[in-house]
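For the record, the sequence lines run as chains V and S.
Under my numbering, the letters of the first sequence match residues 3 to 215, in that order.
Under my numbering, the letters of the second sequence match residues 14 to 583, in that order.
Comments concern the structure below.
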Amino acid sequence: MKKTTRRNFLASAAAALPVAAGAAVTPDAVKDNPAVKTCHRATGGKNAHRFPQVIIRDQHGEKAWFYEDLLADKLVLVSFTSVRGEDYYPVLNNLTKVREIINDRIGKVGQDVHMYTVTTDPRRDTPDALRELAEKHGADWRFFTGEPEDIREILASFNARGSLYGLTWIGNEKTGRWTKKPSQLQPLFIAEPVARLATGKHHLPFLVDMHSV
Amino acid sequence: MAKRRDVLKAGAMAAASAPAIFGGAAIPRAAQAQLCRPEGIRSPMTEPDSPPVTPYTTPVYIPPAMSPVDPASLTPPPDPNRHQRFDEFRPVKHYVQRLTEGLWNYHEQLSALNPLGFGSLAWMFNGATPGETLVARYGEPVFIRRYNDLPSTENALIPFGLPYFTTHLHNAHTASESDGFPMDFAGPGEFWDYHYAMLYARNNPREALASLWYHDHMADFTATNVYAGLSAMAIFYDDLDSGDENDRNPHALRLPGTYGKYDNYFILHDVRFDQFGNPSYNIFDTDGHLGDLITVNRKVSPYMEVEPRKYRFRIVDGGPSRFYELAMSDNSEMFVIAGDGNLLEEPVSVTSLVMGPANRQDVIIDFSRYRVGDSVNMVNIMEQVNGQGPTGRRLEGPNRMPVMQFRIKPLEGPDNSRIPDFLRKLPHINLDEVVAEREWVFDHDMGLWTINHDFFDPTKVDASPKQGTAEIWTFRNAGSSWAHPVHVHFEEFQVLEWNGRPPTGVLRSRKDVATLGPNDVARVFYRFDDFLGRYPIHCHNNVHEDNAMMGRWDIVPDNGGHHGGGKWHR
Chain V
3 MKKTTRRNFL
13 ASAAAALPVA
23 AGAAVTPDAV
33 KDNPAVKTCH
43 RATGGKNAHR
53 FPQVIIRDQH
63 GEKAWFYEDL
73 LADKLVLVSF
83 TSVRGEDYYP
93 VLNNLTKVRE
103 IINDRIGKVG
113 QDVHMYTVTT
123 DPRRDTPDAL
133 RELAEKHGAD
143 WRFFTGEPED
153 IREILASFNA
163 RGSLYGLTWI
173 GNEKTGRWTK
183 KPSQLQPLFI
193 AEPVARLATG
203 KHHLPFLVDM
213 HSV
Chain S
14 MAKRRDVLKA
24 GAMAAASAPA
34 IFGGAAIPRA
44 AQAQLCRPEG
54 IRSPMTEPDS
64 PPVTPYTTPV
74 YIPPAMSPVD
84 PASLTPPPDP
94 NRHQRFDEFR
104 PVKHYVQRLT
114 EGLWNYHEQL
124 SALNPLGFGS
134 LAWMFNGATP
144 GETLVARYGE
154 PVFIRRYNDL
164 PSTENALIPF
174 GLPYFTTHLH
184 NAHTASESDG
194 FPMDFAGPGE
204 FWDYHYAMLY
214 ARNNPREALA
224 SLWYHDHMAD
234 FTATNVYAGL
244 SAMAIFYDDL
254 DSGDENDRNP
264 HALRLPGTYG
274 KYDNYFILHD
284 VRFDQFGNPS
294 YNIFDTDGHL
304 GDLITVNRKV
314 SPYMEVEPRK
324 YRFRIVDGGP
334 SRFYELAMSD
344 NSEMFVIAGD
354 GNLLEEPVSV
364 TSLVMGPANR
374 QDVIIDFSRY
384 RVGDSVNMVN
394 IMEQVNGQGP
404 TGRRLEGPNR
414 MPVMQFRIKP
424 LEGPDNSRIP
434 DFLRKLPHIN
444 LDEVVAEREW
454 VFDHDMGLWT
464 INHDFFDPTK
474 VDASPKQGTA
484 EIWTFRNAGS
494 SWAHPVHVHF
504 EEFQVLEWNG
514 RPPTGVLRSR
524 KDVATLGPND
534 VARVFYRFDD
544 FLGRYPIHCH
554 NNVHEDNAMM
564 GRWDIVPDNG
574 GHHGGGKWHR
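Structure representation (structure tokens):
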């Protein structure tokens, strides 16, 4: 039994089944129930079904499918703030330090590791406002806004509640493994799980060896 | 008896206007993939149900005791310099465990669904979950070498968890470097050595531990790694609690024994399975993870054949997030003899056992009240709908969750075991030894869980008690809707006050998990002795633990400072 064969089989079976089921079975309990909302979920990747199929825009106005273009098959850090929220619960200066550590120790941000900040205030935060916010903090990664309904789906998929949300999610959709860290934690311990979740040449068990003896 | 699943399904069919907020359980599986997450609700009930499984059809798994290896076979040999007090406590028993990924038969109906082979994906110790039971004895130090033979992160088939491990023997009196600190992890291809000195805390037999368990403690991935299978049990015996019901020592308690026969250990994990029969897990829910099937020793609602006589069952809630109230289906009597693995002073008669994650209770059940051919079920009657904690309501009738079934078979010999009136004295509490009081507040902030308003940072030392001193710690749950089973490594505590009142019943015990309900406050007595180093304090809802609800405290040498005499300082 070859590992690759088994893996492929599992992956293809997993990808095929929800589609088939969705096509074959009309969800009657759902169709006539106005209290249940349905929407399109992303497809194709490890955790695709947990994310909405939406298009959002970055601070330069560039559009992207949230899952397909930004998460699928990538090593990512997804953080959350807003122009107003940054006044009350600042995270960007800390994340700028995280980016430095990642660049120094793990891989190039924007190429090997992808950093995104999603606004929690899509009604106010236009791409221009986010560009200004990013430049003010020297943050050269991608900031996203979009239709409030779409952003709300993205926030919900990370369990983000309210207008302030202090978590940075770190995930590798090559393997489907994710973890999360407080965005205000000392930057080393936000960067370290990125190294730990990385695969291939970027994988490191730790950035600072904290083993006893 | 109707199964809970059937009832829920029937409910969904009948009531077209089933409330959408609990849609997950009421909506057909095929519809799940099409649904948006209901807003404002963080609930495992939006997760798909496990495939149908018939309870009480699979025999329970009794893990064998670990078998020793020849220490000469260990290469490299154990390094005494890596362990505190190694020469004082030279190991007399050596064991090797290998952590691997493979298939485990949770239940035939699940195993048959898997295209990979017969079984469900699992991470295991020496090819089994739970791994072999460590059956040890005070005065006989143990050495365990654990190899990480798990696949790399990209090759591991279990899609959650991280294939790194650090094993905590909960809650042995173990030096820090062998205690499974979250940063003492070993990756694929590496090993880690564990030295268990098997000494009573403070050399006091009243400090004996009896029912322990070992489980993974990997930084950020404890909940997922334990859920994947990295958990098992340990039993410590001594002259009093010798595991031999025919013991000729007049001081021996002669509780039902021996291990694997009349003395058994059950670890409970609630697991949710996907359509291929593999465990599934929502890594995006920071409140906690709930399974919809209860496994006992990683068998879904198994059965066990028992003789009409007394049995000792050690039960541990293996988590990650479910609280239990366990009762017999006929509401019959059980005798609790140990809380959190430590013998009580006197047995307590109960009809249900309330347990949070990592709590242990040892009970004696006397099956002589049944006739051969009878059966009786153990059920869970505590309602819980999300990872935050129980709702406070009880499950009734067919909603009670099946845990396991006991089937009475003919008696095979005399029952010489006893339920003694007195078990083990508690160590004396001397408040004059107290040199410090500390408060630990468990709360929620910005989507993560906090202790004293802080997130876990392994470089930050939150408390440094001095070796050889005593302290009073207060655990305060600042949340009004969630529960936190607070666990402190290394030392057992005794409750002084719980919500202002002295402990009674099962709470009058040495403990290592304070299961705090909403707004609960527990004031406890601690002593710190025998070893130095870093230890964690954390919530044992493993999902909260992985979401930053952990702190580090260090035992530091007492450099001759004066203390005691009732003078408290920080």
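Just so you know, even glycine gets a beta-carbon here, dropped at the ideal spot from N, CA and C.
Compute the Euclidean distance between the alpha carbons of residue i and residue j, then round it to the nearest angstrom.
| i | j | result |
| --- | --- | --- |
| residue 85(S) | residue 106(S) | 12 Å |
| residue 82(S) | residue 221(S) | 26 Å |
| residue 501(S) | residue 386(S) | 44 Å |
| residue 252(S) | residue 152(S) | 10 Å |
| residue 71(V) | residue 400(S) | 32 Å |
| residue 414(S) | residue 206(V) | 43 Å |
| residue 515(S) | residue 447(S) | 18 Å |
| residue 199(V) | residue 392(S) | 39 Å |
| residue 65(S) | residue 44(V) | 27 Å |
| residue 275(S) | residue 325(S) | 6 Å |
Is residue i close to chain S? Criterion is C-beta to C-beta, closer than 7 Å.
| i | result |
| --- | --- |
| residue 168(V) | yes |
| residue 177(V) | yes |
| residue 83(V) | no |
| residue 92(V) | no |
| residue 25(V) | At residue 25(V), the pLDDT of 32 sits below 50, so the modelled position is not reliable; the number obtained from the coordinates is stated separately. No, residue 25(V) lies away from the interface with chain S (no Cβ there is under 7 Å from its Cβ). |
| residue 132(V) | no |
| residue 181(V) | yes |
| residue 52(V) | yes |
| residue 207(V) | yes |
So, does the CB of residue i fall closer than 7 Å to a CB anywhere in chain V?
| i | result |
| --- | --- |
| residue 200(S) | yes |
| residue 229(S) | no |
| residue 37(S) | Model confidence at residue 37(S) stands at a pLDDT of 40, short of 50, so the residue's coordinates are unreliable; what they give is reported in the following sentence. Chain V contact via Cβ: absent. |
| residue 95(S) | yes |
| residue 90(S) | no |
| residue 567(S) | no |
| residue 297(S) | yes |
| residue 475(S) | no |
| residue 55(S) | The pLDDT assigned to residue 55(S) is 48, lower than 50, so where the model puts this residue is not dependable; a value taken from the coordinates is nonetheless given after this. Interface residue, yes. |
| residue 570(S) | no |
| residue 308(S) | no |
| residue 166(S) | yes |
| residue 417(S) | no |
Are the beta-carbon atoms belonging to residue i and residue j less than 7 Å from one another?
| i | j | result |
| --- | --- | --- |
| residue 63(V) | residue 129(V) | yes |
| residue 349(S) | residue 376(S) | yes |
| residue 116(S) | residue 140(S) | no |
| residue 328(S) | residue 279(S) | yes |
| residue 299(S) | residue 560(S) | yes |
| residue 231(S) | residue 177(S) | yes |
| residue 553(S) | residue 269(S) | no |
| residue 585(S) | residue 158(S) | Absent from the model: residue 585(S). The displayed extent of chain S is 14 to 583, so no value can be given. |
| residue 47(V) | residue 165(V) | no |
Just grab the DSSP bridge partners of residue i for me.
| i | result |
| --- | --- |
| residue 313(S) | 308(S) |
| residue 110(S) | 159(S) |
| residue 536(S) | 487(S) and 510(S) |
| residue 247(S) | 147(S) and 225(S) |
| residue 83(V) | 121(V) |
| residue 184(V) | 169(V) |
For residue i, which of the options has the nearest alpha-carbon?
| i | options | result |
| --- | --- | --- |
| residue 431(S) | 260(S), 491(S), 439(S) and 423(S) | 260(S) |
| residue 145(S) | 174(S), 248(S) and 95(S) | 248(S) |
| residue 452(S) | 491(S), 460(S) and 426(S) | 491(S) |
| residue 168(V) | 74(S), 467(S) and 351(S) | 467(S) |
| residue 398(S) | 496(S), 388(S) and 488(S) | 496(S) |
| residue 388(S) | 380(S), 536(S) and 307(S) | 380(S) |
| residue 71(S) | 435(S), 420(S) and 480(S) | 420(S) |
| residue 469(S) | 562(S), 433(S), 542(S) and 403(S) | 562(S) |
| residue 277(S) | 257(S), 284(S) and 294(S) | 257(S) |
| residue 498(S) | 245(S), 228(S) and 535(S) | 535(S) |
| residue 67(V) | 211(V), 187(V), 153(V) and 212(V) | 153(V) |
| residue 60(V) | 69(V), 144(V) and 83(V) | 144(V) |
| residue 159(V) | 340(S), 304(S), 296(S) and 528(S) | 296(S) |
| residue 267(S) | 433(S), 237(S), 175(S) and 198(S) | 433(S) |
From the beta carbon of residue i, is the nearest beta carbon of chain A less than 7 Å away?
| i | result |
| --- | --- |
| residue 213(V) | Absent here is chain A; the protein component of the structure consists of chains V and S. |
Beta carbon of residue i: closer than 6 Å to some heavy atom of the ligand HEM?
| i | result |
| --- | --- |
| residue 183(S) | Absence of the ligand HEM from the depicted structure is noted, as is the absence of any ligand whatsoever, leaving it without description. |
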